[in-house]
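Following: one structure in structure tokens, then a few remarks.
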Amino acid sequence: MRRIRMPQRLRNLELWLLLVACLINAGSIMLVQLGALGRIDTQLVLLGAGLSVLVFGLHIAMRFVARDADPFLLPIATVLNGLGIAMIYRIDIADGDSGWESAAVRQIVWSAIAIICAIATILVIRNHRVLFRYTYVAGFVAIILLMLPLVPGLGQNRGGARVWIGIGDIATFQPGEIAKIALAVFFAGYLVRNRDSLSMVGKQFLGMRFPRARDLGPLLIVWALSMSVIVFQRDLGTALLYFGLFLVMLYVATSRLSWVVLGLSLFLAGALIAAQTLDYVNNRFQNWLDPLSDARYNADPGGSYQLVQGLFGLANGGLIGTGWGQGSPELTPVPQSDYIIASLGEELGLAGLFAILALYVLLVARGFRIGFAGQDDFGKLLGVGLAFVIALQVFIVVGGVTRVIPLTGLTTPFLAAGGSSLVANWIIIALLLRLSDTVRNHPRLVIDG
């Protein structure tokens, strides 16, 4: 009887948490309207209600095909997505753009597409171990996706980076967002097949056993891939994300800290060389080191104006924030995507920002828990890798905005404006849900290498 009732309790808990998440999202939009407009406009509230219907559609699908899935992932992703829409809507109002062509409406449309993709993922992939068969296909797909923005006539430059492709005259899409999922699948499958050789150690240096020279090939290949992203696509953040993902999954697979030390040394060396030879990388380092100097603040392009304005916005928010609709986030360039963390920090304050970061911590912790609970090595590596993608992306964004590390230009998962990021991150949530369900339903099932 306990086995029969447990799935129902999990889904009922998820249902109640989803109701709370949707109420928070609706309340945020109404508070934005009251703070910025002084009235309630039903247009966006109704669109948000339509989005909630899709979220509950995903919940219903899970009641049939993923009854034992983790009950916290979907509500957390929902509330983060909704807070992002509310903030984007607030910036639209400040810019005088609150009609049907506004960024907030586009974000709702992309959110709907992303949730539909998550539903499809849950319905199509009934066992995550199926993905193990497509290890090298995933690697090939990732390479193709990374190369698409470099194709003449297809790729587009935005903000100095060439990471987008045009979808006719309708929209742009960032294939690298989907590539990170394909890379996680490829890395997991490859490391399962080659873990024994990669775990072999060579000579000892500084108290650590380092890998044999013959086993350095995979690390050097991924390092070269990351450096090519910096050079050809001019995207430091994505390069760091890909390389960091591989290092963490390699460490989990081999338990060899020497791989991490060697990998970080390689990446830092490459980044320093890039800072000396590539102007856009050098500008990011100089802005990080001395953003308030007149030379850096007034430099155009590549100056520190955006970084400084974001810091001023965070300072203006103080501990409890100015309140929804009461700040001036529009003064920071690109406040709805690159700097949405600063926008939220200004209006919700340090307390609100900590609450958002706590949601991310809980989301990542549940992802790690799902990964390490897996009985098969592929599922363990895939779960940890997918959770780490979100964790590292949040760290890179928040660290850049708060000047802990140089600014890199990545988007904040679920919060920032951008359709490709939403689609990729909702698919990650769907895969983690599938992983958690498979772990509970088939704890002893193994895969053939």
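To convert a position in the sequence shown, counted from 1, into this note's numbering, add 477.
The beta carbon of each residue, even a glycine, is placed where N, CA and C say it ideally should be.
Residue i to residue j span [Cα, whole Å]
| i | j | result |
| --- | --- | --- |
| residue 499 | residue 556 | 7 Å |
| residue 566 | residue 625 | 31 Å |
| residue 604 | residue 718 | 27 Å |
| residue 568 | residue 722 | 33 Å |
| residue 877 | residue 821 | 15 Å |
| residue 533 | residue 501 | 15 Å |
| residue 791 | residue 826 | 7 Å |
| residue 481 | residue 913 | Note on residue 481: pLDDT 47, under 50, position unreliable in the model; the coordinate value appears next. If I take the Cα positions, the gap works out to 17 Å. |
| residue 915 | residue 549 | 16 Å |
| residue 711 | residue 483 | 49 Å |
| residue 879 | residue 833 | 15 Å |
| residue 858 | residue 769 | 43 Å |
| residue 653 | residue 618 | 11 Å |
| residue 597 | residue 536 | 12 Å |
| residue 764 | residue 635 | 20 Å |
| residue 829 | residue 797 | 7 Å |
| residue 494 | residue 583 | 26 Å |
| residue 541 | residue 599 | 10 Å |
| residue 757 | residue 780 | 10 Å |
| residue 754 | residue 762 | 12 Å |
| residue 642 | residue 706 | 15 Å |
| residue 869 | residue 508 | 31 Å |
| residue 749 | residue 850 | 38 Å |
| residue 525 | residue 715 | 31 Å |
| residue 839 | residue 649 | 31 Å |
| residue 516 | residue 506 | 11 Å |
| residue 630 | residue 655 | 21 Å |
| residue 559 | residue 906 | 15 Å |
| residue 729 | residue 881 | 26 Å |
| residue 892 | residue 814 | 8 Å |
| residue 651 | residue 845 | 26 Å |
| residue 735 | residue 843 | 27 Å |
| residue 485 | residue 551 | 16 Å |
| residue 514 | residue 802 | 8 Å |
| residue 742 | residue 766 | 21 Å |
Bounding residues of the beta strand (DSSP E) (the contiguous stretch that carries residue i)
| i | result |
| --- | --- |
| residue 639 | 638 to 644 |
| residue 648 | 648 to 650 |
| residue 520 | Here residue 520 belongs to no beta strand (DSSP E); instead the alpha helix (DSSP H) covers 519 to 542. |
| residue 632 | 632 to 635 |
Own chain partners of residue i with C-beta closer than 8 Å, once the 5 adjacent residues on each side are dropped
| i | result |
| --- | --- |
| residue 810 | 782, 783, 786, 816 |
| residue 740 | 696, 700, 720, 723, 724, 727 |
| residue 709 | 627, 639 |
| residue 921 | Its pLDDT being 49, under 50, residue 921 is placed unreliably in this model, and the coordinates cannot settle the point. |
| residue 488 | 536, 539, 540, 544, 548 |
| residue 793 | 799, 804, 805, 823 |
| residue 795 | 826, 827 |
Opening and closing residue of the alpha helix (DSSP H) in which residue i lies
| i | result |
| --- | --- |
| residue 558 | 550 to 571 |
| residue 795 | Looking at the DSSP string, residue 795 is not in any alpha helix (DSSP H), and its letter there is neither H nor E. |
| residue 773 | 771 to 774 |
| residue 432 | There is no way to answer for residue 432, as the model of the chain reaches only from 478 to 926. |
| residue 918 | 896 to 918 |
| residue 623 | 612 to 624 |
| residue 609 | Taken as a continuous stretch (DSSP letters only), residue 609 belongs to no alpha helix (DSSP H), as it is neither H nor E. |
| residue 587 | 580 to 601 |
| residue 854 | 854 to 878 |
| residue 736 | 734 to 754 |
| residue 848 | 817 to 850 |
Own chain partners of residue i with C-beta closer than 7 Å, once the 5 adjacent residues on each side are dropped
| i | result |
| --- | --- |
| residue 807 | 568, 571, 572 |
| residue 581 | 521, 562, 565, 566, 569 |
| residue 800 | 512, 824 |
| residue 917 | 545 |
| residue 847 | 547, 860, 909, 912, 913, 916 |
| residue 889 | 817, 818, 871, 874 |
| residue 924 | For residue 924, the predicted structure reports a pLDDT of 48, less than 50, and the residue's modelled location is therefore unreliable. A value from the coordinates is still provided. Within the same chain, residue 924 has close Cβ partners 606, 609, 853, 855. |
| residue 751 | 707, 758 |
| residue 510 | 516, 517, 518 |
8 Å contact criterion, which residue i and residue j should meet: CB distance rounded
| i | j | result |
| --- | --- | --- |
| residue 726 | residue 862 | 5 Å |
| residue 866 | residue 657 | 6 Å |
| residue 855 | residue 665 | 5 Å |
| residue 903 | residue 554 | 7 Å |
| residue 585 | residue 528 | 6 Å |
| residue 663 | residue 595 | Contact flag wrong, Cβ pair sits at about 21 Å. |
Own chain, CB closer than 6 Å to residue i, minus 5 neighbours either side, in chain order
| i | result |
| --- | --- |
| residue 744 | 720 |
| residue 478 | Residue placement at residue 478 is flagged as unreliable, the pLDDT there being 40, under the threshold of 50; the coordinate-derived value follows with that caveat. So the list is empty, once near-sequence residues are dropped. |
| residue 637 | 711, 757 |
| residue 837 | 871 |
- Would you say the region 903 to 912 touches the region 533 to 547, given that touching needs at least three Cβ pairs under 8 Å? Output reads yes: the region 533 to 547 touches the region 903 to 912.
- How about the region 884 to 904 and the region 590 to 599: do they share at least three Cβ pairs that are nearer than 8 Å? Segments in contact, yes.
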